[in-house]
Amino acid sequence: MLERKHLAWLVLAAFVVAGACAPLLAPRDPTTYSDPSISRNRPPLSQLVAVDLDDGRRLYTDQLRHDGDHVILEDVERQRSIPLDQLVEHDAITTQTFLLGTDRFGRDVLSRLLWGARVSLLIGLLVTLIALTVGLPIGTLAALGGPVVDGVLMRIVDVFLAFPWIFLIITLAAMIDGSGLAVLIVVLGGTSWMAISRVARAMIRELRDQAFVTATRGLGAGPIYLAVQHLIPHALPPILIQAALGAARVVLAEAALSFIGLGIQPPEPSWGNMINDGRTGLLSAWWVAGFPTLALIVTVLALSEIAETLRHRLTPYRLEP
Amino acid sequence: MLVSRSLVAPATRLALLTVAITVTLSACSDSRTASTSDEAKPLPDTIVIGTAIDFEGINEVVVRSTPLANVILYQGLFRTLAKERPDYSTGPATFEPQLAERWEFSDDRSTLTFFLRDDVQWSDGVPLTARDVRFSWEAQTHPEVNWPMAQVKEKITDVEVIDDHTVRFHFSEVYAQQLLDAVGGVILPAHAWGELPFDQWRENLSWFLDNQVVAGPYRVADWQPQQRIVLEANPNYYLADQPKTQRIVFQIVPDRDSRLNQLRAGDLDVLELSPDDVDTLGELPDVHFRKFDFRQLVFLTWNHANPLFADPAVRRALTFAIDRAEIIDVLYGEYAVLPSSPYPTYVWARDASLEPRPHDPEQAMALLAEAGWRDTDDDGILDKNGEAFAFELLTNNDNQLRMDIATMVQQQLGAIGIAVETEAIEFNTLISREFAHDFEATVMSIGIDTSLDFSWFFHTDSIDGGYNWMQYRNPEVDRVLDEIGTFTDAKAAEPLHHELQKLLYDDQPITLLYQPQRVLATDRRLSGIEPNVIWSLYHLESWHWTEAP
Amino acid sequence: MARFILRRVVAAVVLLVLVATATFGLVQAAPGQPIELLALDPRVGPEFRAELIRQYGLDQPVTVQWARWMTATLRGELGLSFSQKRPVSELLMEGLGGSAWLMAGALFVLYIVALPLGIVAGLRPGSRVDRAILVFSQFFWALPGFVLAVVLLEILGVRLGWFPLGLMQDLDAERMSSMDRLLNRLHHLFLPSLVLGLSSVGLVIGFVRSGLIGVLASDHVRAARARGLSESRVLFRHALPNTLAPVIQHFGVLMPALLSGALIIEVVFSWPGLGRIGYAAIVERDIPVVLGTTLLSAAVVIMGSLLADLLHAWIDPRARDA
């Protein structure tokens, strides 16, 4: 039987692959739509007949019949008649299936979910990398740099931690001119390194007094060599646990920021802005916000399960919450 | 963003006229069971209106001019000397007496005398007199009070008290909007608020609510910040049978979805909606949707200093190439109209003989070819002297409709060989770049008032310090604009208005996209509610229930 | 003990000053100053602009602005709001009441749910019940609060009509008797507190669970058991009081999480509070209000963790040496 920890890795891997291969896997373009009055708010597994015109437009219909040199598109509210010579030459009439339904513009929810995975997981990954890049050196420096350096760095950490994070992010987002993925990643990265630096500092302080480290130092090793070769590698496991939890938090934070309009800007999909976009119809057109919510929860649970299994394998270690 | 950034409403001549109606207002009944039982239930004494934003205080000259504040102060708490009628579609808006029974100009029009009603009392029983009118003018023009609309009083040199009920305005010059400027702003209580020196008004916003004295049909009975503003009938109001409803409550609900939920559940009786809200809500048995015109124009600005857009023929071609009907259809459905000129379709001075330019890509291509734009290198993009026809179209990144417009324009112009790159930037940055003329083309909107003074938009003098972001220069247009300003009888300027529209139609300094409309959702058992272009919430004192909900 | 308290208080004050300085620095660096926004309206004259700049001291060097702001802040004066022209302290007080109710409600939900579940999980680590509780707590951690809010509002509010759709009290609450008013307040408070409380429930369950596991394995408890005391007596007299200390210690960690979550709850439930004030101020670049709210929320966090530290030290003397 599949164990939970394996399942967690599997789920995460599946989403990463889905996100990475979104351009190949997504059946449709995530941001454009055609003939919205017909294609909007269709439930999962809906099928529509698509008619491609030679001017590049695509029309959708529930029912199509031929009438001489015209095709007739018959829908509840209107009937349209299109001359055959306006259609593209090949495969002008196809049946399109929307596996996860469409949103209020008629955009394909599955395609948006896949592209959204790409954006949301990319944010999770890059923000965690930034948090590691900033947090690890600061933690190491604080542990090895003597009491003054330690005091200054830890006060900085305290200051960052004293702000409720959402205020910090809003203020930072207002500071940086512009918007978009890069800004969001920088802002989130700038506010999520503190826990990692604290864990790193605690671990390295513990390690530096241990016998093998003292011995290496006795052999004349410099502090940088010591940190890179011996201390950081040994301190890494709890730091990685913290990073996995941090990544989960970042994916959630993106959703919260989308709610107040500071997340990824539409029409580019992210799980967060898809959830926010669909929340009005959560109970009628449940699929629009429902699937990204599910994806978000599963991802966050998988990340925290991974952190949990890492923790079990290591010596009991109290995490920074 | 919580704050609406969908439009830039320029501060126009008069607060009365520029009251924007962007605030989302809504209201509703207490019982959520739509009872159909026959037993006669007493009519409710309360109407609940939804709003996204809070209000700040009751003194018009020191609070910000938000739509909510304007409704509460102008429709609820205070009165003006006269008020503008919503009859702008048949002729220049006329005025209806309010505190003044009548008024007359001197023969040379240098003074304007108002004769006040003698039955008006403040809510504390003190009569409202000419001294209050003079006091209000003093407050409005006092430098330390710093009323943002003070410029409407610029040409009024004195307000002279003739007797208790006669007051005379003296003007430094004779011009069209003298009456409009004189009646601008509400009348404030001299006996009560004169206690606080003007130079302390700005720092003591809450003092006025603590010393509340009003003359309108309602007074503020309770203000729970970020929750509700409760207005209650003013027993001393001078019209005995008004207001018809005891309480008007503004319920502050910042989140759009929460507002819609409260409307559905019957917690709100009145709510102003945008078209996509109507879509989201679908049919509601107890709610009546009223469509009304919105004082806004959405358009593309072309920077005429850029050689691409200097030629009017090219700008005409751009207008022909953009399928504006499709943009309206996709984005607004039935809630927008395509105007032929910046004069909104509902105003008297509009030249109805002008038809909006149709979508005609072939004519666009022909005009461009005439101007030397051809695809000589077969790359699918027009070029002239080796330069490709390519430009950047800016929008603000917090407005989905604008970004959708940009995407559609990009696609439509691409079809005739014009390469458009779109960029969505932060709202404040976009506005700064408009004023600095640092752009090629943008999607923009402005608020329009009923005074129909377009000199701040198209006059050469408005390139710096005005809204002529396009840097449009046409001496003919400047002449017509100047001439319109000299007419004291606005109706007589009609031929000039038509001439201006013709000039703009030929020059296409901007490409108009649409004139949006909005919707007021009201409980169907409410009566007396008639939104118009100036006020979405108009004449509160006549609103009433006809049947218990 | 006195020295410990003094040390902690001084540290908290220093942190507060640092936080205030950081806030000030952030806002200084922000683009789009309010005066620039005013300047967009060509009908606002240059004199008016100059007057505003002078009035708010924006023409002074940054250090002078900072010093002025700090000294005023120490006196409790946070200046006037740019946009509303009211004292910032007055605005903040309006929000503080609502925030306090919401915070109290959320903490109540949090501990009512988390303490029993944490204890049950801690008593039988690795059991099925423990696993189920873990899944429960992680689910609410992973579920964005606004999604839960929307679902609860639609079902319990709009469709069933059991709970109000927001705001702090009914329109006519002021006319009710004080008992009815309290009940009405609690009725309104229920859903927002539930959503906010559940979002942090996993954190507290974790503290209680691991705390209890640690205590149960300690010599102290083993000794009690060895003396032949009953299991329930061991649990209630010896183990639980000792578990309380780490739970209190982590109170300071909860505060920033709850304050952050509160912003969204306040918007969805139309609840008056600091989050809404702060957010609106940032959108409008209302600097004095941004500074005020950020500072106040940080102060609440710092005070919360100071209080937690002191309580912890009072319960567990060993903590005083830390």
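Protein chains in written order, with the numbering used here: chain R, 1 to 321; chain B, 1001 to 1549; chain A, 2001 to 2322. A virtual CB, placed ideally from N, CA and C, is assigned to each residue, including glycine.
Pull up the distance between the alpha-carbon of A/Leu2229 and that of A/Ile2133, whole angstroms please.
The residue given as residue 2229 of chain A occupies position 229 in the third sequence. The residue given as residue 2133 of chain A occupies position 133 in the third sequence. Distance between the alpha carbons of A/Leu2229 and A/Ile2133 is about 29 Å.
Residue of B/Glu1138, B/Gly1447 and B/Phe1078 minimising C-alpha distance to B/His1121:
Start at 1 with the first residue of the second sequence, and residue 1121 of chain B comes out as number 121. It should be pointed out that residue 1121 of chain B corresponds to Gln in this sequence rather than to His. Among B/Glu1138, B/Gly1447 and B/Phe1078, the Cα nearest to that of B/Gln1121 belongs to B/Phe1078.
Between the CA atoms of A/Gly2197 and A/Arg2124 - distance to the nearest angstrom:
The residue labelled residue 2124 of chain A in the question sits at position 124 within the third sequence. The residue labelled residue 2197 of chain A in the question sits at position 197 within the third sequence. Going by the C-alpha atoms only, they are around 25 Å apart.
Please classify R/Tyr225: is it buried, with 16 or more other beta-carbons within 10 angstroms of its beta-carbon, or exposed?
Looking up residue 225 of chain R in the first sequence gives position 225. R/Tyr225 is exposed by the Cβ-count criterion.
Which two residues bound the contiguous beta strand (DSSP E) that contains B/Asp1223?
The count along the second sequence starts at 1 and reaches residue 1223 of chain B at position 223. The sequence shown places Trp at residue 1223 of chain B, not Asp. Tyr1218 to Gln1224 is the extent of the beta strand (DSSP E) around B/Trp1223.
Apart from the five residues on each side of it in sequence, which residues of its chain come closer than 7 Å, Cβ to Cβ, to B/Gly1057?
Working through the second sequence from its first residue, we reach residue 1057 of chain B at position 57. If we look at B/Gly1057 and ignore the five residues flanking it on each side, its Cβ neighbours are Val1063, Leu1205, Ser1206, Phe1208 and Leu1209.
Compare the C-beta of A/Thr2294 with all C-beta atoms of chain R and state if any pair is closer than 8 Å.
Counting from 1 along the third sequence, the entry for residue 2294 of chain A is found at position 294. Chain R, which has a Cβ nearer than 8 Å to the Cβ of A/Thr2294, makes this yes.
For B/Thr1301, which three-state DSSP category applies?
The residue given as residue 1301 of chain B occupies position 301 in the second sequence. B/Thr1301: strand per DSSP, three-state reduction.
So the candidates are R/Tyr60, R/Pro137, R/Pro269 and R/Leu181; which of them puts its Cα closest to the Cα of R/Glu74?
Taking the first sequence and counting its residues from 1, the one referred to as residue 74 of chain R is at position 74. Of the listed residues, the one whose Cα sits closest to R/Glu74 is R/Tyr60.
Taking CB distances under 8 Å as the criterion, tell me whether A/Glu2077 reaches chain B.
Within the third sequence, residue 2077 of chain A is the residue found at index 77, counting from 1. Output row for A/Glu2077: interface = no.
Per DSSP, B/Pro1092 is paired with what?
Taking the second sequence and counting its residues from 1, one reaches residue 1092 of chain B at position 92. Beta bridge pairing from DSSP links B/Pro1092 with no other residue.
Cα-Cα, which of R/Ser304, R/Thr95, R/Ala14 and R/His230 is closest to A/Gly2206?
Translated into positions along the third sequence, residue 2206 of chain A becomes position 206. The shortest CA-to-CA distance from A/Gly2206 to any of R/Ser304, R/Thr95, R/Ala14 and R/His230 is the one to R/Ser304.
One question on the structure: do B/Leu1300 and B/Ala1441 come within less than 8 Å of each other, judged by their Cβ atoms?
Translated into positions along the second sequence, residue 1300 of chain B becomes position 300. Translated into positions along the second sequence, residue 1441 of chain B becomes position 441. Contact flag set, yes.
Going along the chain, which residues of the region 2176 to 2195 of chain A sit with their C-beta nearer than 7 Å to a C-beta in chain B?
none
Does DSSP put B/His1359 in a helix, in a strand, or in coil?
The count along the second sequence starts at 1 and reaches residue 1359 of chain B at position 359. Three-state result, B/His1359: coil.
B/Leu1043 versus B/Val1126: straight-line alpha-carbon distance, rounded
Counted from its first residue, the second sequence places residue 1043 of chain B at position 43. Counted from its first residue, the second sequence places residue 1126 of chain B at position 126. Their backbone Cα atoms lie some 33 Å apart in a straight line.
According to DSSP, which residues form a beta bridge with R/Val71?
By one-based count along the first sequence, residue 71 of chain R stands at place 71. Partner(s): R/His66 and R/Ile82.
Measure how close the beta-carbons of A/Ala2104 and A/Val2204 come, nearest whole angstrom, since I'm counting them as under 8 Å.
Locating residue 2104 of chain A in the third sequence gives position 104, counting from the first residue. Locating residue 2204 of chain A in the third sequence gives position 204, counting from the first residue. Rounded, the Cβ-Cβ distance is 15 Å, inconsistent with contact.
For B/Gly1184 and B/Val1133, the rounded distance between their alpha carbons
Indexing the second sequence from 1 puts residue 1133 of chain B at position 133. Indexing the second sequence from 1 puts residue 1184 of chain B at position 184. Taking the straight line from one Cα to the other gives about 11 Å.
Can you say whether B/Pro1549 is buried or exposed, counting buried as having 16 or more other CB atoms within 10 angstroms of its CB?
Taking the first residue of the second sequence as position 1, residue 1549 of chain B is located at position 549. If you draw a 10 Å sphere on the C-beta of B/Pro1549, you find 16 or more other C-beta atoms in it, and that means buried.
Would you mind stating whether R/Ser120 and R/Glu254 have Cβ atoms separated by less than 8 Å?
In the first sequence, the residue the question calls residue 120 of chain R occupies position 120. In the first sequence, the residue the question calls residue 254 of chain R occupies position 254. Contact: yes.
Range covered by the beta strand (DSSP E) that runs through B/Thr1046
Counted from its first residue, the second sequence places residue 1046 of chain B at position 46. Where B/Thr1046 is concerned, the enclosing beta strand (DSSP E) stretches over Thr1046 to Thr1051.
Chain A partners of B/Arg1228, CB-CB under 8 Å?
Position 228 of the second sequence holds residue 1228 of chain B. Simply Leu2167 and Leu2171.
For R/Leu326 and B/Ala1317, I'd like the C-alpha separation in whole angstroms.
For residue 326 of chain R there is no data in the structure shown, the boundaries of chain R being 1 and 321.
For B/Ala1034 and B/Val1048, I'd like the C-alpha separation in whole angstroms.
Position 34 of the second sequence, counting from 1, holds the residue named residue 1034 of chain B. Position 48 of the second sequence, counting from 1, holds the residue named residue 1048 of chain B. In this predicted model, B/Ala1034 has a pLDDT of only 40, less than 50, meaning its place in the structure is not dependable; the value taken from the coordinates is given anyway. Spanning the two alpha carbons is a distance of roughly 16 Å.
R/Ser39 and R/Gly106 look like a contact to me (Cβ under 8 Å); what is the Cβ gap, rounded to whole Å?
Along the first sequence, read from residue 1 onward, the residue named residue 39 of chain R stands at position 39. Along the first sequence, read from residue 1 onward, the residue named residue 106 of chain R stands at position 106. Distance from R/Ser39 to R/Gly106 at the Cβ level is roughly 3 Å; contact confirmed, criterion being Cβ atoms closer than 8 Å.
Give the secondary structure of R/Gly101 by DSSP, where H, G and I count as helix, E and B as strand, and everything else as coil.
Counting from one through the first sequence, the residue named residue 101 of chain R turns up at place 101. The answer is coil: DSSP assigns R/Gly101 none of H, G, I, E or B.
Using the rule of at least 16 other Cβ atoms within 10 Å of the residue's Cβ for burial, across every protein chain shown, is B/Met1365 buried or exposed?
By one-based count along the second sequence, residue 1365 of chain B stands at place 365. By the 10 Å Cβ count, B/Met1365 comes out buried.
Is there a C-beta anywhere in chain R that falls below 8 Å from the one on B/Thr1422?
The residue labelled residue 1422 of chain B in the question sits at position 422 within the second sequence. No, B/Thr1422 does not count as interfacial toward chain R.
Are the C-beta atoms of A/Gly2157 and some chain B residue less than 8 Å apart?
Within the third sequence, residue 2157 of chain A is the residue found at index 157, counting from 1. Yes, A/Gly2157 counts as interfacial toward chain B.
What number of angstroms, rounded off, separates the C-alpha of R/Thr102 from the C-alpha of A/Leu2259?
Indexing the first sequence from 1 puts residue 102 of chain R at position 102. Indexing the third sequence from 1 puts residue 2259 of chain A at position 259. Roughly 36 Å separates the two Cα atoms.
Cα separation between A/Asp2316 and A/Pro2087?
Working through the third sequence from its first residue, we reach residue 2316 of chain A at position 316. Working through the third sequence from its first residue, we reach residue 2087 of chain A at position 87. Near 43 Å, if we compare the C-alpha coordinates of A/Pro2087 and A/Asp2316.
Are the C-beta of B/Val1220 and some C-beta of chain A separated by less than 8 Å?
Mapped onto the second sequence, residue 1220 of chain B falls at position 220. No, because no Cβ of chain A sits closer than 8 Å to the Cβ of B/Val1220.
Let me know the secondary structure DSSP gives A/Ile2264 once reduced to three states.
Locating residue 2264 of chain A in the third sequence gives position 264, counting from the first residue. Three-state result, A/Ile2264: helix.
My output table needs one value for R/Leu12: the three-state DSSP class, helix, strand or coil.
Your numbering for residue 12 of chain R matches position 12 in the first sequence. R/Leu12: helix per DSSP, three-state reduction.
Nearest to B/Gly1417 by CA position, among B/Met1444, B/Leu1452, B/Arg1374 and B/Ala1436, is which residue?
Stepping through the second sequence from its first residue, residue 1417 of chain B is reached at position 417. The shortest Cα separation from B/Gly1417 among B/Met1444, B/Leu1452, B/Arg1374 and B/Ala1436 belongs to B/Arg1374.
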